[in-house]
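Asker:
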Amino acid sequence: MKSDQEPLKLEHAEPLYIDLIRDLGAHKGEKEWNVGVGTFDNKTFDSHEFLVEYEWAAIDRLGFEVELPFTFYSPITGISNDSLPSNKLESLKLATQYTFLVSEKYHTSMAIGYMHEFEFSSFRDWGNPTVPGMVYNPFFVAAKKFANSLHTLLYTGPIITQHFNSNHWDFDYEFHANFHYMIPNTSNFVGVEVNNYANSEGIDCTVRPQMRVSLNEELMVGIVTGIPVERKEQGFSMFLRLIWEPPHK
507 MKSDQEPLKL EHAEPLYIDL IRDLGAHKGE KEWNVGVGTF DNKTFDSHEF LVEYEWAAID
567 RLGFEVELPF TFYSPITGIS NDSLPSNKLE SLKLATQYTF LVSEKYHTSM AIGYMHEFEF
627 SSFRDWGNPT VPGMVYNPFF VAAKKFANSL HTLLYTGPII TQHFNSNHWD FDYEFHANFH
687 YMIPNTSNFV GVEVNNYANS EGIDCTVRPQ MRVSLNEELM VGIVTGIPVE RKEQGFSMFL
747 RLIWEPPHK
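Under our numbering, the first residue of the sequence shown is numbered 507, with each subsequent residue one higher.
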């Protein structure tokens with residue numbers, strides 16, 4: 507709701523796997539901590555994600571984020587430990603997002619943003635070099651609410667990866683479509699997130715059914731299942747996100 511001190515902010519269901527930098531139309535002083543854990547089937551081994559993320563709004567409608575994602579590996583029965591990739595801190599992610607449109611008439615919000623990643627070597631190869639590359643990721647977000655309960659959201663943009671040693675560049679494009687039903691008078695929802703990545707080799711699509719449940723006014727938990735449309739490397743997955751949003755003044 508709009509107050510005398512704060513600009514209009516609409517409620518939108520935020521996806522749980524590829525989440526936003528901050529709420530669309532965020533108000534100054536808002537902040538949020540996220541802890542995520544996930545397990546992913548990769549044919550000959552399992553990978554386990556762990557991430558810590560902090561978001562805050564420096565001014566109205568402008569959000570920032572810092573994220574540290576880790577990956578750890580374990581073998582499937584019959585596979586030796588020597589064949590596993592090395593555990594690693596994937597990167598340092600720094601991001602910002604600005605909501606440039608909040609339309610009460612059309613129940614729509616739009617934002618642009620940018621995420622920058624400093625990629626890190628695995629723990630086994632740490633220092634050789636420490637930062638082997640960078641990722642440049644501008645993006646666009648559009649969200650619309652229908653009949654107070656149905657929510658849609660689009661998140662899209664290019665992903666440009668620079669590899670320092672080989673001076674090689676990779677170009678991908680991400681397109682994520684989200685559909686959620688939010689239970690009236692709550693922040694609980696059920697829905698689906700469809701993650702698409704396109705490059706010269708084709709399109710990789712994963713469907714992620716999900717739900718979010720409020721434990722109290724400040725704490726929420728999100729549960730996500732990942733189902734690849736066509737299995738290439740990664741198979742089924744599970745992801746859990748714990749969200750703590752302390753009150754702000």
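C-beta: ideal position from N, C-alpha, C; glycine also. All figures in this text were calculated on a predicted structure; none of them were measured in a lab.
Quick check: the Cα distance between MET621 and ASN654, rounded to an integer number of angstroms?
Answerer: 30 Å
Asker: Please list, in chain order, all residues of the same chain as PRO690 whose beta carbon is under 8 Å from its beta carbon, the five residues on each side excluded.
Answerer: ASN654 and SER655
Asker: Can you tell me where the beta strand (DSSP E) with LEU526 in it begins and where it stops?
Answerer: No beta strand (DSSP E) contains LEU526, which DSSP labels as neither H nor E.
Asker: Mind checking which residues open and close the beta strand (DSSP E) that includes VAL641?
Answerer: 639-652
Asker: Which residues in the same chain as GLU596 place their Cβ atom closer than 6 Å to its Cβ, once the five residues preceding and following it in sequence are excluded?
Answerer: PRO575 and THR577
Asker: Just grab the DSSP bridge partners of THR545 for me.
Answerer: For THR545, which the question treats as bridged, DSSP gives the partners HIS554 and MET744.
Asker: To which residues does DSSP link ALA519 through a beta bridge?
Answerer: The partner list for ALA519 (beta bridge, DSSP) is empty, contrary to what the question assumes.
Asker: Given ASN634, which residues of its chain have a CB within under 7 Å of its CB, disregarding the five upstream and five downstream residues?
Answerer: SER627
Asker: Among the candidates GLY639, GLU536 and THR667, whose CA atom is the shortest distance from the CA of TYR560?
Answerer: Check the Cα spacing between TYR560 and each of GLY639, GLU536 and THR667: the tightest is with GLU536.
Asker: Tell me, to the nearest whole angstrom, how far the beta carbon of PRO581 is from that of PHE551; I am working on the premise that it is less than 8 Å.
Answerer: Contact check for PRO581 and PHE551: beta-carbon distance about 5 Å, within the 8 Å limit, so the pair qualifies.
Asker: Would you decide whether TRP675 is buried or exposed? Buried here means 16 or more other CB atoms lie within 10 Å of its CB.
Answerer: exposed
Asker: Grouping DSSP H, G and I as helix and E and B as strand, with all else coil, what is ASN587?
Answerer: helix
Asker: Whose C-alpha, out of LYS594, PRO734, ASN540 and GLY544, is nearest the C-alpha of ARG714?
Answerer: Looking from the CA of ARG714, the closest CA among LYS594, PRO734, ASN540 and GLY544 belongs to PRO734.
Asker: Rounded to whole angstroms, what is the Cα-Cα separation between HIS686 and ASP588?
Answerer: 42 Å
Asker: To the nearest angstrom, how far is the alpha carbon of GLY741 from that of SER609?
Answerer: In a straight line, the C-alpha of GLY741 is about 39 Å away from that of SER609.
Asker: What number of angstroms, rounded off, separates the C-alpha of PHE646 from the C-alpha of ALA617?
Answerer: 6 Å
Asker: What distance in whole Å lies between the Cβ atoms of ILE527 and ALA601, which are believed to be in contact at a cut-off of 8 Å?
Answerer: Yes, ALA601 and ILE527 are in contact; Cβ-Cβ is about 5 Å, under 8 Å.
Asker: Whole angstroms is fine: what's the gap from LEU514's alpha carbon to THR692's?
Answerer: 19 Å
Asker: Does the beta-carbon of PHE695 have 16 or more other beta-carbons within 10 angstroms, so that it is buried, or is it exposed?
Answerer: buried
Asker: Give me, in chain order, the residues of the same chain whose beta-carbon lies closer than 7 Å to that of LEU721; leave out the 5 immediate sequence neighbours on both sides.
Answerer: Around LEU721, the same chain offers VAL727 as residues with beta carbons nearer than 7 Å, after the five sequence neighbours per side are excluded.
Asker: So, at 6 Å on beta carbons, what are the nonlocal neighbours of MET640 in its own chain, with the 5 sequence-adjacent residues on each side left out?
Answerer: GLN668
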